[in-house]
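Just below is one structure, and these are the notes that go with it.
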Amino acid sequence: MSLPVTLAVLGAALLHAGWNALVKASADKRLDTVAVSAGAGLIALAVAPWLPAPAPASWPWLAGSAAVHILYFLFLAGAYRHGELSYVYPVMRGGGPMIVALMGAVAFNEILSLEEISGVALICAGILGFASGSHDRRATWFAVANAVVIAAYTLVDGQGARASGAPVSYTLWFFIANGIVITAVGLAQRGREVPAYLRRHWGRGAVGGACSLAAYGIALWAMTRAPIALVAVLRETSVIFAAAIGALLLKERFTRRRLFATGAVMLGLAALRL
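Quick note, the sequence shown lines up with residues -12 to 261 if you use my numbering.
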């Protein structure tokens, strides 16, 4: 993976950790995920008409991704409802890249080198090493389920972005579809609470939506220039940013264990750059 792509994905990791911290800090996690999805969808809707549409070959991938992301946001809200950011986020993000690496090799013939496999394993181990803090069994189940979901939509969207011929347009249309679907699910579950919440917290939705859109757009662009598994695992270094945000802003602990975990992630990054 080239240095510009690596730096871009690390920037996306920071943005991703930022909007997750925004959701965790909210009073109503479920409605805040709706606000973020709606915000991203509206931003995408304003930009998409000015760009060429993604190729028709990518549309089935786009539809599949929108469906899988319903589960992602539902599990995300459930995990944050029952556990701390510093526990839930590493569990969700740490398992996905290994699944992506295995399924990418089987389904799409993306075979990683020994150095790359070592880097992926070190980073995943380091990410999982961050998991600590108060939680209950429900938080663990939600987080593990979401790790599988994350692996699924990463593979789907990686292939969709490649088939689209226009990863930026693919990203925008995905967020339009996702915003519609997640808002509809929110309305079905919470009714009039949704528009009332959006009116009160439109700023959170706009900021979180912009971060979410930019973070995922950068990742999909990178997947057209590097193996999906490598982009996926590099993106999950966002756990370091999430832990720092949790410690500085949410008053969560940054322990010695997390320092060692950070070291493992850094060794993994070094292996990927060999």
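We treat Cβ as the ideally placed atom computed from N, Cα and C, and that holds for glycine. From a predicted model like this one, the values you see are computed outputs, not experimental measurements.
Residue i and residue j closer than 9 Å at C-beta
i	j	result
ALA130	SER73	no
VAL21	TYR184	yes
ILE215	GLY91	yes
TRP46	VAL23	no
ASN165	LEU63	no
ALA54	VAL168	yes
ASP15	GLY195	no
SER13	ASP144	no
ALA0	THR224	yes
LEU159	LEU58	no
ARG17	ARG191	no
ILE110	VAL252	yes
ALA150	ALA44	yes
Residue i in three-state terms, based on DSSP
i	result
GLY152	coil
GLY178	coil
ASN165	helix
LEU38	coil
ILE86	helix
SER105	helix
ILE98	coil
Spatial distance of residue i from residue j (CA atoms)
i	j	result
ALA231	THR242	11 Å
LEU61	MET(-12)	33 Å
ARG244	GLU71	16 Å
VAL34	VAL181	24 Å
GLY82	LEU235	25 Å
VAL(-8)	THR170	33 Å
GLY255	SER100	13 Å
ALA42	ALA153	8 Å
SER199	LEU2	7 Å
ALA8	GLY233	7 Å
GLY65	TRP208	29 Å
LEU221	GLY204	15 Å
ALA40	TYR157	8 Å
ALA206	VAL218	7 Å
ILE104	ILE114	15 Å
PRO84	TRP128	18 Å
ALA257	GLU102	10 Å
VAL93	ALA202	27 Å
Distance cut-off 8 Å: residue i Cβ against heavy atoms of the ligand MN
i	result
SER24	Absence of the ligand MN from the depicted structure is noted, as is the absence of any ligand whatsoever, leaving it without description.
Where the alpha helix (DSSP H) containing residue i begins and where it ends
i	result
LEU236	From DSSP, LEU236 is part of no alpha helix (DSSP H); its letter is neither H nor E.
CYS52	The sequence given here places Ser at residue 52; Cys does not occur at that position. Segment 46 to 69, the alpha helix (DSSP H) holding SER52.
ASN7	-10 to 11
ASP15	Careful: ASP15 lies outside any alpha helix (DSSP H) and carries neither H nor E.
THR249	243 to 259
SER199	189 to 210
ILE215	215 to 222
**Asked** If you scan the region 108 to 152 from start to end, which runs of the alpha helix (DSSP H) of 4 or more residues do you find wholly inside it?
**Response** 124 to 151
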